[in-house]
Structure formats: C-alpha cells, structure tokens
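Numbering (this note's numbering), first residue to last: 74 to 298. Worksheet: the structure to be examined is printed underneath.
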Amino acid sequence: MSNIVLEAKDIYKSFTDGKTSVDVIRGLSLKVEAGEFVSIVGSSGSGKSTLLHVLGGLDRPSQGMVFLNGQRFDNLSETARGHKRNQYLGFVYQFHHLLPEFSALENVAMPLMLRSDAQYKDAKERSEYLLERVGLSHRLTHKPGELSGGERQRVALARALVTQPALMLADEPTGNLDRKTALTIFDLLSDLKKEFNMAMLIVTHDEQLAKSADRILHMQDGTWV
74 MSNIVLEAKD
84 IYKSFTDGKT
94 SVDVIRGLSL
104 KVEAGEFVSI
114 VGSSGSGKST
124 LLHVLGGLDR
134 PSQGMVFLNG
144 QRFDNLSETA
154 RGHKRNQYLG
164 FVYQFHHLLP
174 EFSALENVAM
184 PLMLRSDAQY
194 KDAKERSEYL
204 LERVGLSHRL
214 THKPGELSGG
224 ERQRVALARA
234 LVTQPALMLA
244 DEPTGNLDRK
254 TALTIFDLLS
264 DLKKEFNMAM
274 LIVTHDEQLA
284 KSADRILHMQ
294 DGTWV
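And the structure:
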C-alpha cells in the first residue's frame, strides 16, 4: 500500500483577465507522505495559496493531476471533491472562517454533521474532546464574536481535526496572530500532529514554524527554487 497521502504531477494554474492570461503555478510536482510535515515558504504573490487551493480540491488545475490517497482527485465533480475533502483533508486558514451564528461546539461538529451517516451524539463528543484538547472546554457555547482571535483560531484547528484527516492543509495559520498567541498555536499544531499521526502541509511566513518541518519547499513565481 502506498505511503503517499497527496501527490501533484506537473501542476499549472492560469487565470484569465480579458485577453490576458497569468500563469500563477508553472509545472509544480509534489509528494507528501503519511505523517510527514512539509512547509512551503515564499514571498507574497509567489502562488503558495493558489497551490494549496488546487491541492485541496478547492480549485482545479489548468493542467496536471492531483492524487489523494492514491486516487485521482482533481478531475472529480465539485460534489465528489467535497466528499473527498471531508473524508481525508482538514483545512486551517489565516482567517478562521467560522460561522458567526453557531457556537464553538457547533462550528467544530459541522464537518462531521455534513456526512450522510452523521450521528449528533458522536459528533458532539468528539467536538467536545477536541475543544478541550485545544484548551477551550470553557468556551463550548460561545459564538465566534465572543472569542479572541487566538481562541477563534483554536476553534478552527479543532474543526480541521474533527474528521481525523490524513492530511491537514494550513494557509498562514499563525499569520493573523500576535507572537505569543502564534507560538501557542504552533505548539498545538506540533502536538496534535503527533497525537493524530497526520501529515501536514503548511504555507507560512513564520520561520520557526517552517524550520520545524521535516521538509521545506521554497516557491517563487509559481515554481520551486
């Protein structure tokens, strides 16, 4: 059985504005193994976030192929890609993207409740455990507007883990936080990666976070350098 969780082969991504076509990703290939921590660094505008969206099935490549757990992923319908994301991937962004009308517990449970075989009792128990694990057992019923920036990011981290993903994709997970809070999130990421034995692919400007990875990839003008 393959040990490769995610594989991209010769990925290109272009955007068209009128008659002008802009190549954002130019022929990138990548493999992430089970349990591996890979960081991607590069200046703003180098294509890092676009690449993460393509790898996570949020967007299709213009050319090339993406495989998730050994199966072709990029050519699936939007609905099918959504099911695969829910099954294998967790996402954390610089901005938490929590639903403001729902509590911390409900936000974390949401990915599980979207599954056809969802059981509220199981989703609630797992969400409570993860919120306790990230230090928010006292904030279960609080809505995002009642939480600090660091607390909201910890809720987002718990939400990314609730489906027990094989791979977490994170786009600047500490980029919108003060240094002390960023270090707390950094420590949580490291601990939870080990606890859940998952792979992580993180786009970051944080040198400490990048250097803790098993492998650092440098990106510039849509390609590796």
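Beta carbons: idealized from backbone N, C-alpha and C, even for Gly.
Proximity winner among the options, relative to residue i (alpha-carbon distances)
i: E268; options: L203, G120, R133, L79; result: L203
i: D147; options: Y166, I98, E245, H126; result: H126
i: I275; options: E245, D264, Q281, K216; result: E245
i: L242; options: D132, L213, S112; result: S112
i: A177; options: A196, T254, T214, K197; result: T214
i: G143; options: T152, A81, K266, N159; result: A81
i: L185; options: P238, P134, S150; result: P238
i: I77; options: V298, H278, A272; result: A272
i: T254; options: S117, Q167, P134; result: Q167
i: Q160; options: S150, A283, L187; result: L187
i: Q281; options: D294, N270, R252; result: R252
i: L309; options: S210, F175, T93, K157; result: Any property of residue 309 remains undetermined from this structure, which presents the chain solely from 74 to 298.
i: G129; options: R206, L171, G155, S150; result: G155
i: D132; options: K266, F88, S200, L265; result: F88
i: E205; options: V139, S150, A153, L265; result: L265
i: A107; options: D294, N270, S285, V298; result: N270
Bridge partner(s) assigned by DSSP for residue i
i: Q136; result: Y85
i: R145; result: F140
i: H291; result: V114
i: D260; result: Bridge partners of D260: none, in fact.
i: M241; result: G163, M273
i: L79; result: V105, L141
i: R99; result: Y85
i: T296; result: Q293
Range of the contiguous alpha helix (DSSP H) that encloses residue i
i: G115; result: Premise fails: G115 is in no alpha helix (DSSP H) and is neither H nor E.
i: A283; result: 280 to 284
i: G163; result: It is not in any alpha helix (DSSP H) - G163 instead sits in the beta strand (DSSP E) that spans 162 to 166.
i: M186; result: 177 to 186
i: L204; result: 193 to 206
i: R225; result: 222 to 234
Whole-number beta carbon distance between residue j and residue i, since they are thought to touch under 8 angstroms
i: S102; j: D90; result: Actually they do not touch by this definition, with Cβ atoms about 27 angstroms apart.
i: V114; j: L79; result: At roughly 18 angstroms, the Cβ-Cβ gap does not stay under 8 angstroms, so V114 and L79 are not in contact.
i: R232; j: L220; result: That pair is no contact at about 13 angstroms.
i: F110; j: D287; result: 5 angstroms
i: G163; j: L234; result: 6 angstroms
i: Y85; j: G137; result: 6 angstroms
i: T123; j: V97; result: 5 angstroms
Segment limits, beta strand (DSSP E) that includes residue i
i: K121; result: Per DSSP, K121 belongs to no beta strand (DSSP E); it is in the alpha helix (DSSP H), 121 to 128.
i: K92; result: Unbroken run through K92: none, as it is neither H nor E.
Residues of its chain near residue i, where Cβ-Cβ distance is below 6 angstroms and the 5 sequence neighbours each way are ignored
i: A229; result: V165, H169
i: M74; result: Annotation note: pLDDT 45 at M74 (below 50); position unreliable, no value reported.
Neighbourhood of residue i by C-beta, 7 angstroms cutoff - its chain only, sequence neighbours within 5 removed
i: T296; result: R99, G100, L101
i: K121; result: I113, G115, V276, M292
i: P134; result: I84, Y85, K86, V127, D147
i: P173; result: K216, P217, G218
i: A283; result: S112, V114, T277, I289
i: V207; result: R227, L230, A231, L261
i: L209; result: A177, E224, R227, V228
Residues of its chain near residue i, where Cβ-Cβ distance is below 8 angstroms and the 5 sequence neighbours each way are ignored
i: A191; result: L185
i: A258; result: A small fix is needed here, since residue 258 is Ile in this sequence, not Ala. Within the same chain, I258 has close Cβ partners G223, Q226, R227, L230, P246, T247, L250.
i: K197; result: L178, A182
Any C-beta of chain D under 9 angstroms from that of residue i
i: L185; result: Considering every chain present, this structure includes no chain D. It has just one protein chain.
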